[in-house]
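Chains as they are written, first to last, in the UniProt record's numbering: chain P, 1 to 335; chain A, 1 to 543.
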């Protein structure tokens, strides 16, 4: 938990994602055991950042606009459907970045199946990871040794998408490792987000799942966790029937209209809304009604002249030449 | 005068031989089970480096994973002020600090270019003409644990075609922004040998008025490599090393026996020994040389060896079936000339495949980035070649089946006259026919498996080039099984069709059932015939 806070803080402090972070990390701000692949840490950081960006973009016209506080957990979050979405998108972001770094070859050993060792681990096994140091030790990667080399020469080494999911799950489950219903729901939602595909695809899919997310009662969730009747008395958990691919939550969303510092809600007062009737997003078309009027605020129009890049010419990578156009725009705010 | 071993071997010895051969076949198959899959793919994400001096023509400037300035194309900030010609996609092979082993034999590279939807940079034409400036370098490990500096290996500017589609129904409006296009993969290079430890690809997508103008917003470039698995090569070469001396030995033995006879060798014997020769050539484990020498022509060479073997095997079956069908009209000795109609089709077919192969693999010796598959015309041509080869293989098979069916019919007609013969003679011929039928069945199975595996391997070779969704994977066991089958079958043919030295008394010895020794009957003694079955069939034909 502490770890993620640090990661997010580090990222928000630096406009560029990759290199500053690496130098920051090498000054060992984070409790990283010797030997942890730096790329795993980088991937977790970059993945979280990617998730935040996508989340804020996807929810820019909603009352809940995906504030950063959702990810830093500086205060306890209610297990609402928004939290559910946030958990899932962070998982997706981390899986995405680890997968990329794997196929770039910068996470050692993530291709060959032997890298993680042992049988595939399932959820209950991670719950008891005690602290973040132990968690990170579990992410320590073996440097390819002689045995790996001969294995590679014999049977090759394909990139294994399940590796990224495995690492991301280990990391995220350790953040919500207790046996309370809220943690169960968080683990479930992280699992929903752990998917390997293009991030654009996943993020779209998750928004859809957010709309169709299901509320569970605390009793249902408690029934899904039970003490195994073995000598170890291990806690086990199972999926709630029919929820295998849905985002789930426990609490009704609070009123996002009004400021509530205790819950980390900044309210919609002062938010910008849009009257762009051409927009294909219903949320944008209705944003002024939704954010301002329904919340009891009024819409204020601000006339503004902005300079924009226009008439750009493109090469396959980048914009090459643009003109600057002056444009009169109306901006709307809730007051 | 002796016949062939097939006719004269005792039932017990024959069954021991057949059991041995079958066991050998099963072992070949089982050996394939311990081998890893023949080839393995590895997908690699390129690192995008910034080349500050794109005008610099020095070919030995290489960008690696650790190049000084790395950018991310999806991050707008990191690309401001850059132009397409500044960007270099660098991929170091293999991943994870591993190094290639020479046992891995060859390397194929396929590009996957990820293009995302951008309102201002939409793709207008679904078929995109790509201009790729691709360079390859190599490096080797040094004894002190370091690596040698990157050395130039190949460079070419190539055109490729890529088809990109967008699922308009799934995503609408603003959600399209940043959503990926569905693009086909692009074959990039094919290396005939993996001599060096590391390879580095530097790819540029040059931009000018005529180059890469229709490309949308590129976000990532992946290189998928396919190489042979070292374990598979080891087992494969092991099989060859085992069979090579065996087949050479049997050939020598066979030819010696033929020469001990006081007649010139018959056509079937010539064909058998040349079949053994092509198999020995195929078995020759020259792969060992590729462990020490750089041999980029290995792929071409093994294709040629395989092709010669196919041609010989297919010709053999035609002649083999023909010899037992007795095409000759006057009982005169058969020569190869009688089969020219049958054989010329095989030769022409194989020549076509050879020309096609030389076009692709031959040019690849000079330019590993060359591919016949890249242009639409080339793809269609290559595809039609493969389809044609598949069709003619199946046609051949049906024709062969037809010939074998005629052989059987021919024999069963002759069989009807058996009851009129003396008991000794009848038993003699019935036994031979039974054995011969068994051998023919083995031949049909062998031919069917060969044709099927030929078609499958053609499909498998083409699949990564025209459709990545097609999943045809020939497992190692099938490869080694088929390879073992050819060896076992040809060994069996050489042994069973070798002239027998047994001299039998004039009265036939008749035992019970399996233990009958099928001796030559004095009436059949004819120095110019190799087997009493052909004589029998011929005689019946004349009668």
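Ideal Cβ positions, reconstructed from N, Cα and C, are used throughout, including at glycine.
- With its beta carbon at least 7 Å from every one in chain A, residue 309(P) lies outside the interface.
- Between the stretch 180 to 193 of chain A and the stretch 156 to 163 of chain A, the count of C-beta pairs closer than 8 Å reaches three or more; the two stretches touch.
- In the structure shown, residue 40(A) adopts extended strand secondary structure according to DSSP, grouped into three states.
- A straight-line Cα-Cα distance of about 31 Å links residue 20(A) and residue 399(A).
- No Cβ of chain P is located within less than 7 Å of the beta carbon of residue 204(A).
- Per DSSP, the unbroken alpha helix (DSSP H) holding residue 396(A) starts and ends at 376 to 415.
- Closer than 7 Å to the CB of residue 59(P) there is not a single CB belonging to chain A.
- The closest CA to that of residue 223(P), considering only 211(P), 237(P) and 214(P), is found on 237(P).
- Residues of the stretch 264 to 291 of chain A with a C-beta atom less than 7 Å from some C-beta of chain P do not occur.
- Note that the C-beta distance between residue 291(P) and residue 273(P) is below 7 Å.
- Relative to residue 268(P), the option among 298(P), 241(P) and 244(P) whose CA is nearest is 298(P).
- Listed in chain order, the non-local C-beta contacts of residue 487(A) below 6 Å within the same chain comprise 243, local neighbours out to five positions each way being set aside.
- For residue 436(A) and residue 443(A), the gap between their C-alpha atoms comes out near 10 Å.
- Taking 7 Å as the cut-off, the beta carbon of residue 494(A) is found closer than this to the beta carbon of residue 254(A).
- Distance from residue 294(A) to residue 195(A) at the Cβ level is roughly 4 Å; contact confirmed, criterion being Cβ atoms closer than 8 Å.
- Legend: CB atoms of the stretch 31 to 59 of chain A lying less than 7 Å from CB atoms of chain P belong to residues 36, 40, 41, 42, 43, 44, 45 and 47.
- The C-alpha of residue 432(A) is placed about 18 Å away from the C-alpha of residue 268(A).
- If you ignore the 5 residues before and after residue 296(A), its C-beta comes within less than 6 Å of the C-beta of 192, 193 and 365, all in its own chain and listed in chain order.
- Any Cβ of chain A closer than 7 Å to the Cβ of residue 225(P) would place that residue at the interface, and such an atom is absent.
- Exposure of residue 309(P) is indicated by the presence of fewer than 16 other C-beta atoms within 10 angstroms of its C-beta.
- For residue 199(A), there is no enclosing alpha helix (DSSP H); the residue is part of the beta strand (DSSP E) that begins and ends at 198 to 204.
- In terms of beta-carbon proximity, residue 172(A) lines the interface with chain P, with at least one pair separated by less than 7 Å.
- Residue 71(A) and residue 128(A) have their C-alpha atoms spaced approximately 25 Å apart.
- Residue 184(P) places its beta carbon 7 Å or farther from that of residue 240(P).
- Cβ proximity to chain A below 9 Å picks out 314, 315, 316, 317, 318, 319 and 320 from the stretch 313 to 330 of chain P.
- Secondary structure at residue 344(A): helix, using DSSP grouped into helix, strand and coil.
- Interface flag for residue 180(A) against chain P is set, since a Cβ pair is found closer than 7 Å.
- Here residue 85(A) carries a helix assignment [DSSP, helix/strand/coil].
- At least one CB of chain A lies nearer than 7 Å to the CB of residue 156(P).
- Take residue 326(P), set aside five residues on each side of it, and the residues of its chain with a beta-carbon closer than 7 Å to its own are 305 and 307, in chain order.
- For residue 263(A), the secondary structure class from DSSP, reduced to helix, strand or coil, is coil.
- Nearest CB-CB separation between residue 272(P) and chain A: not below the 7 Å threshold.
- Taking a Cβ-Cβ cut-off of 7 Å, the neighbours of residue 281(P) in chain A comprise 173 and 174, given in sequence order.
- Scanning its chain for C-beta atoms nearer than 6 Å, with the 5 sequence neighbours on each side dropped, one finds around residue 80(P) the residues 249, 251 and 253, in chain order.
- For the set 25(A), 17(A) and 4(A), the Cα lying nearest the Cα of residue 478(A) is the one of 25(A).
- In this structure, residue 171(P) sits away from residue 96(P), with a CB-CB distance that is not shorter than 7 Å.
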